[in-house]
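Residue numbers (the numbering used here): 12 to 137. What follows is a set of notes on a single structure, which appears directly below.
Here you go:
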């Protein structure tokens, strides 16, 4: 579900578009996400490397960040239940952008986590 980037815009608040730009193989891709909140629209591109059922690591390719690194970590708790952790570390390109987008991006990430929780209930409970 986390790897279904083409569907992000369907359930993540503030995500206008989301698409895989290039699929290298089953474990590596480049993707773009366009976010919009409070009248500000920004897009960013990441290079993602997946370890099936374990993790997804994301590195910045292009976007409003000086640096951006993140990963999803999937921890099996039992046959049907997993704990999912998201770690993001980012720095925006300049102080003005940081003031304008820092809080907005944090809010989007928080709503994204809630959206994934709700999406998981929808997809896997039915």
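Every residue gets a Cβ at the ideal spot worked out from N, C-alpha and C, and that includes glycine.
1. If contact is defined by three or more beta carbon pairs under 8 Å, each pair taking one atom from either stretch, is the stretch 27-44 in contact with the stretch 119-132?
2. What is the rounded straight-line gap between the Cα of residue 85 and the Cα of residue 110?
3. In angstroms with no decimal places, state the Cα-to-Cα distance between residue 69 and residue 79.
4. Hey, out of 104, 107, 82, whose CA is closest to residue 97's CA?
5. Below 7 Å CB to CB, which residues in the same chain sit around residue 54 once its five sequence neighbours on both sides are set aside?
6. Quick check: what's the CA-CA separation for residue 38 versus residue 134?
7. By a C-beta neighbour count over all protein chains shown, 10 Å radius and 16 as the cutoff for buried, is residue 103 buried or exposed?
The short version:
1. Taking 8 Å as the limit for Cβ pairs, the verdict is that the stretch 27-44 does not touch the stretch 119-132.
2. Residue 85 and residue 110: Cα-Cα distance of roughly 32 Å.
3. One C-alpha to the other measures close to 8 Å.
4. With distances taken between CA atoms, residue 97 lies nearest to 82 out of 104, 107, 82.
5. Within the same chain, residue 54 has close Cβ partners 43, 44, 45, 74.
6. Straight-line spacing of the CA atoms in residue 38 and residue 134 works out to 22 Å.
7. Residue 103 counts as buried, since at least 16 other C-beta atoms from the protein chains shown sit within 10 angstroms of its C-beta.
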